[in-house]
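Quick notes on the structure that follows.
In our numbering, the protein residues as written are 1491 to 2000.
Spelled out as structure tokens, the structure:
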């Protein structure tokens, strides 16, 4: 902007992700500079010219960056100038803003929040209370001092696919917000960073748009189990009652365990999909710690597979969920074996490290094979979609690089590496497993040589020899399933379950 307006009042944005200079720190135009309303108004005018308007304009300010001052006059004028740039073009303009910034209570005190929202007419702003199911903010700031807000379920960061959620908080969240003193709640929404996971969480949230009281979870979960698979008609005949009862029992078990956890930081992250390192089990943001008893997942897995000889086996969502529950069970098993490997390293037991390392590799190999049986769990389609954006090979390669980078390093040097990792065939086998194999090999070598494992050197080696080269590769991955989901899932259940079950769906193992 300084090229065209040398005197513009600008400030570099913070380098919150530790990026090299070429990829960070865009200049932010100060709200008080007359150019701000001029450019803002012209942008909205052009947007309206080409696309029309519904009078609602989504704009986020100070998202994960604090204002330069907490002075009341500055905060009021900042929001006023921004809204004025909308109102200059559209007298009916309503500013829709994420309330994520208000999670930062170090800066956003009640005084600061009140000052900021008071710069805009009450009926001209809607705040998305972004993380309502875990960390609502309306009750920290007197219902945003009268500013209308929408209660939301955020739930997921980076589109990670591990199971976790809090159905109870969703069931009571909006009703409690509506009952809050001088409530300004006007609706419910979903604000996740990736939707293709934990479907029941979003189903429950959107159900609340039609509820005025707390959701009756037992009834809701039972109905969900039927709706998801088209039951009972999808299993008509002698298997109808079996299918209905088994699916409802399975989902009630999940609702009581993995979907009964209120946790700040998103869903459980598959340990396979993080950079290998010692002491990798952690709580907090994107937890790798299991916050539930993994036996509940195995029991759910068992119940799903008890229906493979019913008509339900032809239902797409059932087959998808068979992959999903198997994926979670293998992920949880990997987590437990990793902890044994970690303890064995610190005990100096090289034989045990080698043994547990082999088990980790077997789990990853098996998961890769399973994921390849279902089109919705394969890297190939993700890359194919990216390459379809151009017919020019050079541009196609650029699109592919970005597609690969987003679900792995996300940044030239892994600035937020594995933030948006996915448990997809191709990623598990070609990207993550080689890094875990190198990790195990380096641990064994360190113990055999009686030296301390150099984790920094290992991570750099993995980056240089595996992670970075993979970004620029253009090898094709399958886009069509390989093998049968049911047969592979049954085989893996009999191989990996800890329920001492040697019978469930054994007849389907090829």
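C-beta: ideal position from N, C-alpha, C; glycine also.
| Does the distance from the C-beta atom of residue 1877 to that of residue 1961 stay below 9 Å? | no
| said: Taking only three categories from DSSP, how would you classify residue 1751? | reply: coil
| query | Just checking my contact of residue 2030 with residue 1635 at CB under 8 Å: how many whole Å lie between their CB atoms? | reply | Residue 2030 lies beyond the range of the chain shown here (1491 to 2000); nothing can be said about it.
| request: Using 10 angstroms around the beta-carbon of residue 1505, count the other beta-carbons present and answer buried if the total reaches 16, otherwise exposed. | output: exposed
| said: Taking 6 Å as the limit between beta carbons, can you name the residues of its chain near residue 1499, skipping five residues before and five after? | reply: 1520 and 1523
| Cβ atoms of residue 1657 and residue 1739: under 9 Å apart, would you say? | no
| task | Identify whether residue 1900 lies in helix, strand or coil by the three-state DSSP scheme. | result | coil
| request: Output the distance between the C-alpha atoms of residue 1915 and residue 1627, rounded to the nearest integer angstrom. | output: 39 Å
| request: Could you name each continuous beta strand (DSSP E) segment of 3 residues or more that falls completely within the segment 1554-1626, going from the start of the chain to the end? | output: 1584-1588 and 1615-1619
| said: Considering just the uninterrupted stretch of the beta strand (DSSP E) at residue 1640, what are its terminal residues? | reply: 1639-1643
| task | Classify residue 1792 as buried or exposed, calling it buried when 16 or more other Cβ atoms lie within 10 Å of its own Cβ. | result | buried
| What separation, rounded to the nearest whole angstrom, lies between the Cα atoms of residue 1633 and residue 1566? | 18 Å
| Burial state of residue 1912 (16 or more Cβ within 10 Å) | buried
| request: Enumerate in chain order the residues of its own chain whose CB-to-CB distance from residue 1473 is below 8 Å, with the five nearest sequence positions on each side excluded. | output: Because the chain spans 1491 through 2000 in this model, residue 1473 falls outside it and cannot be assessed.
| task | Kindly give me the distance between the Cβ atoms of residue 1843 and residue 1934, rounded to whole angstroms, as I take these residues to be in contact under 8 Å. | result | 6 Å
| Going along the chain, which residues of its own chain have a beta-carbon closer than 8 Å to the beta-carbon of residue 1726, five neighbours each way excluded? | So the qualifying residues of the chain are 1801.
| task | Apply the 10 Å Cβ neighbour rule to residue 1817 and answer buried if 16 or more other Cβ atoms are within range, or exposed otherwise. | result | buried
| Between the beta-carbon of residue 1652 and the beta-carbon of residue 1630, is there less than 9 Å? | no
| query | Which one of 1617, 1729, 1775 and 1545 has the shortest CA to CA distance from residue 1456? | reply | Residue 1456 lies beyond the residue range present for the chain, which begins at 1491 and ends at 2000; the question has no answer from this structure.
| How about residue 1989 and residue 1918: are their beta carbons less than 9 Å apart? | Judged by beta-carbon spacing, residue 1918 lies beyond the 9 Å limit of residue 1989, meaning their Cβ atoms are not closer than that value.
| task | Grab me the residues of residue 1782's own chain with a C-beta within less than 6 Å of its C-beta, minus the 5 sequence neighbours each way, in chain order. | result | 1747 and 1748
| said: If the criterion is Cβ atoms closer than 9 Å, does the pair residue 1970 and residue 1865 meet it? | reply: Against a cut-off of 9 Å, the Cβ pair of residue 1865 and residue 1970 comes out as a contact.
| message | Can you give me the C-alpha to C-alpha distance between residue 2000 and residue 1834, rounded to a whole angstrom? | response | Take the alpha-carbon of residue 2000 and the one of residue 1834: they are about 36 Å apart.
| task | Tell me whether the beta-carbon of residue 1757 lies closer than 9 Å to the beta-carbon of residue 1650. | result | yes
| query | For residue 1703, is the classification buried or exposed, using 16 other Cβ atoms within 10 angstroms of its Cβ as the cut-off for buried? | reply | exposed
| task | Could you tell me which residues DSSP puts in a beta bridge with residue 1501? | result | 1518
| Expressed to the nearest angstrom, what Euclidean distance is found between the alpha-carbon atoms of residue 1946 and residue 1926? | Between residue 1946 and residue 1926, the C-alpha separation is close to 15 Å.
| Exposed or buried, which one is residue 1741 when buried takes at least 16 other CB atoms within 10 Å? | Buried, since its Cβ has 16 or more Cβ neighbours within 10 Å.
| Ranges of the beta strand (DSSP E) found wholly within the segment 1668-1752, counting only runs of at least 3 | 1675-1680
| field | Residue burial classification, residue 1705 (beta-carbon count within 10 angstroms, cutoff 16) | value | Buried, because 16 or more other Cβ atoms sit within 10 Å of the Cβ of residue 1705.
| Looking only at its own chain, which residues have a Cβ that is under 7 Å from the Cβ of residue 1810, when we skip the five neighbours before and after it? | 1864 and 1866
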